[in-house]
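Asks: In our numbering, the protein residues as written are 207 to 619. The following block contains the structure, expressed as structure tokens.
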Amino acid sequence: MYDMAIIWDWIAFSVRWLHVITAMAWIGASFYFIALDLMLKPNPALPHGAHGEEWEVHGGGFYHTVKYLVAPAQMPEHLTWHKWQSYSTWLSGAALLMIIYWVGGELFLIDPTKADLALWQGILISGGSLTIGWLAYDAMCKSKLADHPTLLMLLLFVILVIMSWGYHQIFTGRAALLHLGAFTATIMTGNVFFQIMPNQRIVVEDLKAGRTPDAKYGKIAKVRSTHNNYLTLPVVFLMLSNHYPLAFATQHAWIIAALIFLTGVTIRHYFNTMHRTGRGPNWTWPVTVGIMILIAWLSTQPGMDSYEESEARALTAHETRFASAASFEDAYFAVVGNCSMCHGREPSWDGMNWPPKGVVLETEADVARHAEQIYLQAGRTHAMPPPNAIQMDPEARRQIVTWYNDVTRGDQG
């Protein structure tokens with residue numbers, strides 16, 4: 207009941223649940239306001255300063271929305287601020303990143319076949335890259351590049367491609383794609399927290415003080431909101447990618463990630479144009495499909511180390527800790543005998559070309575590296591192996607539990 211691995215896994219699950227809920231709220235609100243903005247219609251009967259209106263029907267009622275380009279003549283008594291969806295999404299995402307990729311970094315963050323990094327170095331790169339990324343992007347937006355929005359977007363894409371390549375040189379494929387998503391999401395939340403909301407507060411304070419608000423603040427917010435609009439779908443893909451080894455466990459995963467940003471542009475361009483004109487450009491569909499076919503082709507090149515390379519590589523400190531236990535041999539043969547048919551570099555299970563979630567369990571290094579996941583999936587629960595694949599003997603599960611407990615409780619003692 208008080209097993210720390212179980213408690214920690216439930217904490218991770220709870221934070222992930224929170225992150226998904228808040229992300230749904232943020233993305234939903236963002237897409238709604240972008241669509242609303244594009245569907246506004248002019249009306250000469252609108253109040254002074256109003257840009258357009260939109261009538262909508264939903265849930266049995268009618269809604270009449272009016273947008274002011276700068277601000278209304280008088281400040282309304284009640285004003286709803288749409289900010290906490292963004293903040294809570296980023297905060298819960300940052301917490302989840304720390305739980306999985308910092309605390310669990312020996313497995314999920316550091317790839318010993320790519321770079322000889324200590325865990326603290328990986329964590330420093332992880333957190334530092336997100337901070338530096340926001341600062342670089344913000345500086346670009348405040349420079350003369352702001353007068354050339356298309357060039358600014360192209361430079362942002364180049365930066366994302368470079369970051370995708372860089373992350374894949376040091377992190378696991380799963381961590382690399384996740385960090386690229388976090389890098390992008392940090393830019394998006396930074397736009398809300400450091401630009402959009404502060405500028406909106408300036409406008410509100412001007413209204414309260416009887417001053418005429420400067421229209422430049424609304425224009426700045428509009429540019430940042432547009433960037434967020436085009437970055438949203440790629441971020442969702444990158445956050446889901448850790449469930450699909452065809453996305454992250456290939457030689458060309460960094461290229462796949464870069465191409466996904468192009469699909470984000472084509473898809474959003476279609477819907478943005480449709481909301482504005484009533485009809486979207488049809489050319490975006492074959493282009494998007496073509497990019498996805500290219501991605502599927504690139505995904506067929508495995509990116510994991512070979513069996514011989516894994517056998518020859520020196521064990522990391524984390525792997526040595528579990529491989530040196532007296533009970534490791536029994537657990538190792540229990541895992542290999544029941545799991546490697548699917549979790550092999552070349553799975554022998556009919557119709558399976560890649561190991562599920564990119565998890566390989568063949569060598570001693572493989573098994574020791576995934577000790578906690580094996581313990582939770584095949585020791586404490588019966589999630590693995592699937593019952594229609596093989597009936598794992600209770601004694602084999604007991605050997606896995608004994609091995610993991612011998613190591614972790616030995617550390618505590």
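All residues carry an ideal CB built from backbone N, CA and C; glycine is no exception.
Can you check which of these residues, Val607, His481, Arg474, is closest to Thr490 by C-alpha distance?
Replies: Of the candidates Val607, His481, Arg474, the one whose C-alpha sits nearest the C-alpha of Thr490 is Arg474.
Asks: Among Asn559, His257, Lys425, Val573, whose alpha-carbon lies nearest the alpha-carbon of Lys522?
Replies: The residue you asked about is not Lys; residue 522 is Thr in the sequence shown. Nearest C-alpha to Thr522: Val573.
Asks: Starting from Thr472, follow the beta strand (DSSP E) in both directions and report where the run begins and ends.
Replies: Element bounds for Thr472: not the beta strand (DSSP E) but the alpha helix (DSSP H), 459-483.
Asks: Mapping DSSP to helix, strand and coil, what is Gly265?
Replies: Residue state, collapsed to three classes: coil.
Asks: Could you give the C-beta distance for Val276 and Ala453, rounded to a whole number, given that I count them as a contact under 8 Å?
Replies: Between Ala453 and Val276 the Cβ distance is about 44 Å, and since that is not below 8 Å, they are no contact.
Asks: Which residues bound the alpha helix (DSSP H) around Lys428?
Replies: Note, Lys428: alpha helix (DSSP H), 422-446.
Asks: Between the segment 391-404 and the segment 432-441, do at least 3 Cβ pairs fall closer than 8 Å?
Replies: These segments touch.
Asks: Just how far apart, CA to CA, sit Tyr274 and Thr319?
Replies: Each residue's alpha carbon lies about 56 Å from the other.
Asks: Alpha carbon to alpha carbon, how far is Pro600 from Ile217?
Replies: Spanning the two alpha carbons is a distance of roughly 27 Å.
Asks: By DSSP's criteria, Phe377 is part of a beta bridge. Which residues make up the other side?
Replies: Note: Phe377 sits in a beta bridge opposite Ile316.
Asks: Determine the DSSP secondary structure at Gly258, reduced to helix, strand or coil.
Replies: Reduced to three states, the DSSP call for Gly258 is strand.
Asks: Quick one: measure Cβ to Cβ for Ile497 and Thr469, integer angstroms, because I've assumed they're closer than 8 Å.
Replies: Correct: roughly 5 Å between the Cβ atoms.
Asks: To the nearest angstrom, how far is the alpha carbon of Glu552 from that of Asn559?
Replies: Each residue's Cα considered, the two are about 7 Å apart.
Asks: For Ala211 and Glu578, what's the separation of their Cα atoms in angstroms?
Replies: The alpha-carbon atoms of Ala211 and Glu578 are separated by roughly 7 Å.
Asks: Determine the DSSP secondary structure at His288, reduced to helix, strand or coil.
Replies: Three-state result, His288: coil.
Asks: Quick test of your reading: His549 and Val566, contact by CB under 8 Å. State the CB separation rounded to the nearest angstrom.
Replies: Sure, about 6 Å apart at Cβ, within 8 Å.
Asks: Quick one: grab the DSSP three-state call for His385.
Replies: The answer is helix: DSSP assigns His385 an H, G or I state.
Asks: In angstroms with no decimal places, state the Cα-to-Cα distance between His385 and Trp296.
Replies: Roughly 13 Å between the two C-alpha positions.
Asks: Nearest-angstrom Cα distance between Ile580 and Phe399?
Replies: If you take the alpha carbons of Ile580 and Phe399, they lie about 40 Å apart.
Asks: From Ile213, Ser220, Pro278, Trp287, pick the residue whose C-alpha is nearest to that of Trp232; which is it?
Replies: When only C-alpha atoms are compared, the closest one is Trp287.
Asks: When the Cα atoms are used, what is the spatial distance from Leu366 to His449?
Replies: Each residue's Cα considered, the two are about 22 Å apart.
Asks: May I have the straight-line CA-CA distance separating Ile501 from Ala463, to the nearest angstrom?
Replies: Looking at the two C-alpha atoms, the distance is approximately 9 Å.
Asks: Pop quiz: Ala459 and Gly379 are said to be a contact at Cβ under 8 Å. What is the actual Cβ separation, rounded to whole angstroms?
Replies: With 8 Å as the limit, Ala459 and Gly379 qualify as a contact, their Cβ atoms being about 5 Å apart.
Asks: Pick out whichever of Leu242, Pro492, His264, Val429 has its Cα sitting closest to the Cα of Gly258.
Replies: Taking only the C-alpha atoms, the option nearest Gly258 is Leu242.
Asks: In its own chain, which residues sit with a C-beta less than 8 Å from the C-beta of Ala595, not counting the 5 before and 5 after it?
Replies: So the qualifying residues of the chain are Met547, Cys548, Trp555.
Asks: So for Pro253, helix, strand or coil by DSSP?
Replies: The answer is coil: DSSP assigns Pro253 none of H, G, I, E or B.
Asks: Which one of Pro355, Glu312, His354 has the shortest CA to CA distance from Ile376?
Replies: Considering only alpha carbons, the answer is Glu312.
Asks: For Leu357, which residues from the same chain have a beta carbon less than 8 Å from its beta carbon, with the 5 sequence-adjacent residues on both sides left out?
Replies: Within the same chain, Leu357 has close Cβ partners Leu351.
Asks: For Ile263, count neighbouring C-beta atoms within 10 Å of its own C-beta (all shown protein chains included) and say buried if the count is 16 or more, exposed if not.
Replies: The question names Ile, but residue 263 in the sequence shown is Val. It is exposed - the Cβ of Val263 has fewer than 16 other Cβ atoms within 10 Å.
Asks: Taking only the alpha-carbon atoms, compute the straight-line gap between Ala529 and Glu570 and give it to the nearest angstrom.
Replies: Taking the straight line joining both Cα atoms gives about 7 Å.
Asks: Rounded to whole angstroms, how far is the Cβ of Asn478 from the Cβ of Leu244, which I believe are closer than 8 Å?
Replies: Between Leu244 and Asn478 the Cβ distance is about 6 Å, and since that is below 8 Å, they are a contact.
Asks: Roughly how many whole angstroms lie between the Cα atoms of Met598 and Met346?
Replies: So the alpha carbons of these two residues sit roughly 57 Å apart.
Asks: Per DSSP, what kind of secondary structure is Thr614 in: helix, strand or coil?
Replies: Correct three-state label for Thr614: helix.
Asks: Please confirm whether any heavy atom of the ligand GDP lies closer than 8 Å to the CB of Leu383.
Replies: Ligands displayed in this structure: none; no statement on the ligand GDP is therefore possible.
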